[in-house]
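Scroll down for the structure; my scribbles are underneath it.
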Amino acid sequence: MKGSSPGKFAKGVHLRIRRLRRSELPVDSVALARFLIGKTLVRESASGRISGRIVEVEAYVPGDAAAHSFRGPTRANRSLFLRRGHAYVYFAYGSSFMMNVSAETDGIGGGVLIRALEPLEGIALMRRHRRTDNIFDLTRGPGRLASALKIDRRLDGIDLCARGPLWLGAAIKPSGKIGQSARIGISREVHRLLRFYERGNPHVSGPKWLSP
DNA sequence: TATGCGATATTCT
DNA sequence: GAATATCGCATAG
1 MKGSSPGKFA
11 KGVHLRIRRL
21 RRSELPVDSV
31 ALARFLIGKT
41 LVRESASGRI
51 SGRIVEVEAY
61 VPGDAAAHSF
71 RGPTRANRSL
81 FLRRGHAYVY
91 FAYGSSFMMN
101 VSAETDGIGG
111 GVLIRALEPL
121 EGIALMRRHR
131 RTDNIFDLTR
141 GPGRLASALK
151 IDRRLDGIDL
161 CARGPLWLGA
171 AIKPSGKIGQ
181 SARIGISREV
191 HRLLRFYERG
201 NPHVSGPKWL
211 SP
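See the structure below:
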């Protein structure tokens, strides 16, 4: 900490966010994906709280050849088979962590990839983690948001409905209209419309034509 | 804005 | 070896 009012936020928002109960989460992967738009993802760490409003997600459903759970549970993907509301964190392309919320029931593989957030709290911390000042480069994209929130494999498998370093909160403001499209960056099941985003939100990732 | 490419680690073939 | 639920930088328009 560089000398300034301990226990207070010199600047930036400080929100009271209600933790979501597991019973509020839809069991179905697609229903959960839509439900999560507008909700809050909260990271509590020693250096402070970081949070963001979920504005873009993708569903990876049972029987989906593009899903990491498709070939059954392994050591790497087992968190996808936990009951809904747990974190599945993995490392991709040698450079990025990505985070899913597990869906479905215990033993069934399914999840929702969090693709973009609208920054709420801890923006100064996010800027430090991401080494950029541009607000739109902090949490636009699954790898970027994981970096901004310091999400890595230590958080794989944790319960997002319990007190802890990472959890899901209720909406601070309701979601606008939800758009739907094909998913980004996959090579199988490319036609399925399982990406959901808040229309008109500038923090959504991907080319503009994909998010009308 | 859009497209293209290399980097990089882990997993699977 | 190959593939990968990406990112950042370069270049062209």
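If you read the first sequence in this note's numbering, its first letter stands for residue 1, the second for the next number, and so on. Even glycine gets a Cβ: it sits at the ideal position worked out from N, Cα and C. This one's a predicted model, so the numbers in the text were calculated from it and none came from an experiment.
**Q.** Residues near Leu120 by beta carbon distance below 8 angstroms, same chain, minus five either side
**A.** Val13, Leu15, Thr40, Ser51, Gly52, Arg53, Ile172
Q.
Quick check: what's the CA-CA separation for Gly110 versus Pro142?
A. 17 angstroms
Q: Check whether the Cβ atoms of Ser147 and Arg127 lie closer than 8 angstroms to each other.
A: no
Q. Under a Cβ-count criterion, where at least 16 other Cβ atoms within 10 Å of its own Cβ denotes burial, should Gly63 be classed as buried or exposed?
A. exposed
Q. Who are Ala116's beta bridge partners in DSSP?
A. Glu56, Arg140
(Q) Can you find the residues in the same chain that come closer than 6 angstroms, C-beta to C-beta, to Val61, ignoring five residues on each side of it along the sequence? (A) Ser29, Gly110
Q | Assigned exposure category for Leu168 - 16 Cβ within 10 Å defines buried | A | buried
Q. Which residues in the same chain have their Cβ closer than 8 angstroms to the Cβ of Asn77, if we skip the five residues on either side of it in sequence?
A. His68, Ser69, Tyr88, Tyr90, Gly109
**Q.** Strand pairing of His86, partner residues [DSSP]
**A.** Asp159
Q) Cβ of Ser181 within 8 angstroms of Cβ of Glu198? A) no
**Q.** For Arg195, three-class secondary structure by DSSP
**A.** strand
Q) What is the DSSP secondary structure of Ile37, reduced to helix, strand or coil? A) coil
Q | Cα-Cα separation between Arg84 and Lys208, rounded to whole angstroms | A | 31 angstroms
Q. With respect to the alpha helix (DSSP H) encompassing Leu166, which residues constitute its N-terminal and C-terminal limits?
A. Segment 166-169 is the beta strand (DSSP E) holding Leu166; no alpha helix (DSSP H) there.
Q | Per-residue DSSP class, three states only, for Ala69 | A | According to the sequence provided, residue 69 is Ser. The question's Ala does not apply to it. Reduced to three states, the DSSP call for Ser69 is coil.
**Q.** Span of the beta strand (DSSP E), counted from its first residue to its last, around Ile178
**A.** 178-181
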